[in-house]
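*Asks:* Using the numbering used here, the letters of the sequence shown correspond one by one to residues 7 to 511.
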Amino acid sequence: MTKVDVAILGGGLAGNLLARQLRREVSDASVMIVEQSHERRWKVGESTVEIASHYLISKQGLSTYLYDQHLPKNGLRFFFDTERKDAELTTMSEVGTDRPPPTPSFQLDRARLEQDLLRMNIEAGVDVRIGAPARALDLEARTFEVDGQTVHARWIVDGTGRASTVARARDLRLPMEEQHPIASVWGRFEGVRDFDAIMDPAWRGRSRWVARALSTNHFMYPGYWIWFIPLGRGITSVGVVGEKHVFRRGIRTPEGFLSFLREHGAVASMIEDAKGLDIEGFTQLAYATKRFFHGGERWALLGDAAAFPDPFYSPGSDFISLECDYTTDLVRRDLAGEDVEDRARTYDAFMQFRYDATMLLYQGLYPCFGSYDLMRVKLNFDLGCYYNLWLDPIAKGDHLDESFLMKELARGPETMAALSHFAKLFTRTREHLSATGAYYERNQGEFNVGVDCLRPWLDEVGTPRKRRQIRARTEEVFNYGRREALKLLGEDDGKTLRLDQFVEG
């Protein structure tokens, strides 16, 4: 029998990042990766945002590698079309930065990244088993078979993606088809038109110091959105995410996907000379889990093996970062002789809270996506909340402080109530804009940098702040969202509300 401290099932992004972090931070721990596939292929999840990028740099030490082998990202960028879907790209209203982002993020070729991480882990002493699946998994005994051997692990970590080996063994999967029924189709293309080769002076002038081509570019429509993500070496990821009624019969074929994309004038102009390389899809994207970590049974779920909310705003790698941090901390403490059951419950509760709060950004709100006027408000609001409430504590390491987490969880119902009220406000605004014929009114010729309520205090993020300072910034963001939505409704009352009033609704 082979004994290891941590056995990671799955050698994708999540499993490899955890293995690397364990070798860097818990160097005495023995680590095994079991990956059944010999092939490292393209995958979605190519775009990172700030929490994941902070993790990749500060915890993984991968900054030089990422800048050398992948692409820096110039933030998220959003384009808005006419109702007829015939606007030229240069006339579309746009939300996106006009200067280099204040925090780094990256566009990742997942196949190359996972192959390189496997190599790094082998060099770091991780026992990597490729081409042989884990069989006869017994979570009570924490054993499984691989390569004809029985392996006993102190910890078993599931990084098997949507196969979700541990989650299925423990019946942890919670379907979200009714709560958030969305699907996706995507592929990789060669020869996509360069956003920055468009020579229109006004178009080039408004983005000022940044290359649009390095952004995650979104084309926004009521009920769905289309992404363009550069992967380097002439390859671009193109996909659509939306409510299920968008996905007509045949869209999951190369011809059907191209036909759908070509119905959108600006999108069609970007792929006019492009060659499709592959096509994939999911008929249902979102799902949840009953549990992320179990300290008593010593197992953990990472990435898609645990839960997935929605790809809008690219939160997937953020979740992986948190899960890897928490799993590493639990393993470290357990190997040092600490009873980690209570801490695992706290980490699990926070991940559940984080997932539920993230879902409130999307559920029932896809019909809002096609209106520049409304999404300008929502995008600025969501970014302000992200920086102030989520990125800030993680950048300071507070997410590993159990007392901090307990306080956040105690405030959780208030946070959820406030975010729920904003979701209802955005829905009411969308209904008003549609009813009055104003939904598409400013979808051409407008530009917003996307940091309306963030820029004045951006430098504070990640620095020591009192709780009252954080609450004051939250109040500012909430009042921005309320004020701008009420303006669209014609109901602006000029009031500035206290934070507790947003909880009350």
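Glycine included, each C-beta is placed from N, C-alpha and C at the ideal position.
1. Is DSSP giving Asn449 helix, strand or coil here?
2. Would you mind stating whether Ile39 and Arg135 have Cβ atoms separated by less than 8 Å?
3. What does His251 pair with, by DSSP beta-bridge criteria?
4. Quick check on DSSP: helix, strand or coil for Val509?
5. Could you please give me the residues that DSSP links to His158 through a beta bridge?
6. Beta-carbon within less than 8 Å of Leu439's beta-carbon, same chain only, minus the 5 sequence neighbours each way: which residues are those?
7. By the DSSP assignment, the beta strand (DSSP E) with Asp310 in it spans what residues?
8. Residues in the same chain with beta-carbon distance under 7 Å from Tyr332, minus the five sequence neighbours each way, listed in chain order, please.
9. Express the C-alpha separation of Asp115 and Ile57 in angstroms, rounding to a whole number.
10. Quick one: any contact between the region 291-310 and the region 321-339, if contact means 3 or more CB pairs under 8 Å?
11. Runs of 4 residues minimum, wholly inside the region 102-135: which ones carry the alpha helix (DSSP H) assignment?
12. Within the continuous alpha helix (DSSP H) that includes Met422, where are the two ends?
13. Compute the distance between the beta-carbons of Thr54 and Ser243, then report whether it is under 8 Å.
14. Decide yes or no for the touch test of the region 177-194 against the region 284-296: beta carbon pairs closer than 8 Å, at least 3 of them.
15. Take Gly511 as the anchor and find which of Asp398, Phe428, Asp206 has the nearest alpha-carbon.
16. Note down the Cα distance separating Val492 from Val10, rounded to an integer number of angstroms.
17. Run through DSSP, which three-state label would Met205 get?
18. Relative to the alpha-carbon of Glu45, which residue among Val101, Asp465, Asp122 has its alpha-carbon at the smallest distance?
19. Entirely within the region 450-502 and at least 4 residues each: give me those alpha helix (DSSP H) ranges in chain order.
20. Give me, in chain order, the residues of the same chain whose beta-carbon lies closer than 6 Å to that of Tyr61; leave out the 5 immediate sequence neighbours on both sides.
21. Between Gly197, Val32, Ala272, which has its C-alpha nearest Thr96's C-alpha?
22. When the distance is taken between beta carbons, is Gly451 closer than 8 Å to Val99?
23. How would you label Lys49, buried or exposed, when you count the other beta carbons within 10 angstroms and need 16 or more for buried?
24. I need the boundaries of the beta strand (DSSP E) containing Asn519, first residue and last residue.
25. How big is the Cα-Cα spacing for Ala25 and Arg255?
26. Could you give the residue range of the beta strand (DSSP E) that holds Ile285?
27. Would you grab the beta carbon distance between Gly468 and Asp398 for me? Rounded to a whole angstrom, and I think it's under 8 Å.
28. Can you find a C-beta in chain B that's less than 8 Å from the C-beta of Glu490?
29. Let me know if Thr442 comes out buried or exposed under the rule of 16 or more other beta-carbons within 10 Å of its beta-carbon.
30. Going by C-alpha distance, which of Gly238, Asn223, Arg118 is nearest Met276?
31. Report yes if the C-beta distance between Tyr368 and Phe318 is below 8 Å; otherwise report no.
32. Distance check for Val132 and Val101, CA to CA, integer angstroms please.
33. Could you check whether Gly301 and Ala342 sit closer than 8 Å to each other, using their CB atoms as the reference points?
34. With a 10 Å radius around its C-beta and 16 neighbouring C-beta atoms as the bar for buried, classify Tyr230 as buried or exposed.
*Replies:* Reading off the structure:
1. For the purposes of this step, residue 449 is taken as the residue at position 443 of the sequence shown. Asn449: coil per DSSP, three-state reduction.
2. Counting from 1 along the sequence shown, the entry for residue 39 is found at position 33. Counting from 1 along the sequence shown, the entry for residue 135 is found at position 129. Contact: yes.
3. Here residue 251 refers to the residue found at position 245 of the sequence shown. DSSP, once it has assigned bridges, lists no residue as partnering His251.
4. Start at 1 with the first residue of the sequence shown, and residue 509 comes out as number 503. Helix at Val509.
5. Start at 1 with the first residue of the sequence shown, and residue 158 comes out as number 152. Lys9, Thr149, per the DSSP bridge assignment.
6. Taking the first residue of the sequence shown as position 1, residue 439 is located at position 433. So the list reads Ser377, Asp379, Leu380, Tyr445, Glu447, Leu494, once near-sequence residues are dropped.
7. Position 304 of the sequence shown, counting from 1, holds the residue named residue 310. Neither: Asp310 is in no beta strand (DSSP E) and is coded neither H nor E.
8. Working through the sequence shown from its first residue, we reach residue 332 at position 326. Closer than 7 Å at Cβ, skipping near neighbours: Phe299, Tyr353.
9. Taking the sequence shown and counting its residues from 1, one reaches residue 57 at position 51. Taking the sequence shown and counting its residues from 1, one reaches residue 115 at position 109. C-alpha separation (whole angstroms): 18 Å.
10. yes
11. 116-129
12. Here residue 422 corresponds to residue number 416 of the sequence shown, with the count starting at 1. 408-441 is the span of the alpha helix (DSSP H), which, as asked, contains Met422.
13. Position 48 of the sequence shown, counting from 1, holds the residue named residue 54. Position 237 of the sequence shown, counting from 1, holds the residue named residue 243. No.
14. yes
15. Here residue 511 is taken as the residue at index 505 of the sequence shown, counted from 1. Among Asp398, Phe428, Asp206, the Cα nearest to that of Gly511 belongs to Phe428.
16. Within the sequence shown, residue 492 is the residue found at index 486, counting from 1. Within the sequence shown, residue 10 is the residue found at index 4, counting from 1. This sequence places Leu at residue 492; Val is not what is there. One C-alpha to the other measures close to 58 Å.
17. For the purposes of this step, residue 205 is taken as residue 199 along the sequence shown, with counting starting at 1. The answer is coil: DSSP assigns Met205 none of H, G, I, E or B.
18. Position 39 of the sequence shown, counting from 1, holds the residue named residue 45. Ranking the options by Cα distance to Glu45, first place goes to Asp122.
19. 473-495
20. As a first step, residue 61 is located in the sequence shown; it is residue number 55 there, counting from the start. Taken in chain order, the residues that qualify are Ser327.
21. Working through the sequence shown from its first residue, we reach residue 96 at position 90. Per the Cα distances, Ala272.
22. The residue labelled residue 99 in the question sits at position 93 within the sequence shown. The residue labelled residue 451 in the question sits at position 445 within the sequence shown. Note that residue 99 is Ser in the sequence shown here, rather than Val. For Ser99 and Gly451, yes; Cβs fall inside 8 Å.
23. The sequence position of residue 49 within the sequence shown is 43, counting from 1. Lys49 comes out buried.
24. Nothing in the structure corresponds to residue 519, since the chain is present only between 7 and 511.
25. Translated into positions along the sequence shown, residue 25 becomes position 19. Translated into positions along the sequence shown, residue 255 becomes position 249. Taking the straight line from one Cα to the other gives about 41 Å.
26. Here the question's residue 285 lines up with position 279 in the sequence shown. Unbroken run through Ile285: none, as it is neither H nor E.
27. Position 462 of the sequence shown, counted from the first residue, corresponds to residue 468. Position 392 of the sequence shown, counted from the first residue, corresponds to residue 398. About 6 Å separates the two Cβ atoms, so the contact holds.
28. In the structure shown, chain B does not exist; there is a single protein chain.
29. In the sequence shown, residue 442 corresponds to position 436, counting from 1. Answer is exposed; the Cβ neighbour count stays below 16.
30. Counted from its first residue, the sequence shown places residue 276 at position 270. Residue Asn223 is the option with its Cα nearest to Met276.
31. Taking the sequence shown and counting its residues from 1, the one referred to as residue 368 is at position 362. Taking the sequence shown and counting its residues from 1, the one referred to as residue 318 is at position 312. Closer than 8 Å, so yes.
32. Along the sequence shown, one-based indexing puts residue 101 at 95. Along the sequence shown, one-based indexing puts residue 132 at 126. Cα-Cα distance, rounded: 44 Å.
33. Within the sequence shown, the letter at position 336 stands for residue 342. Within the sequence shown, the letter at position 295 stands for residue 301. Cβ atoms of Ala342 and Gly301: not closer than 8 Å.
34. Here residue 230 refers to the residue found at position 224 of the sequence shown. Classification of Tyr230: buried, given that the 10 Å Cβ count is 16 or more.
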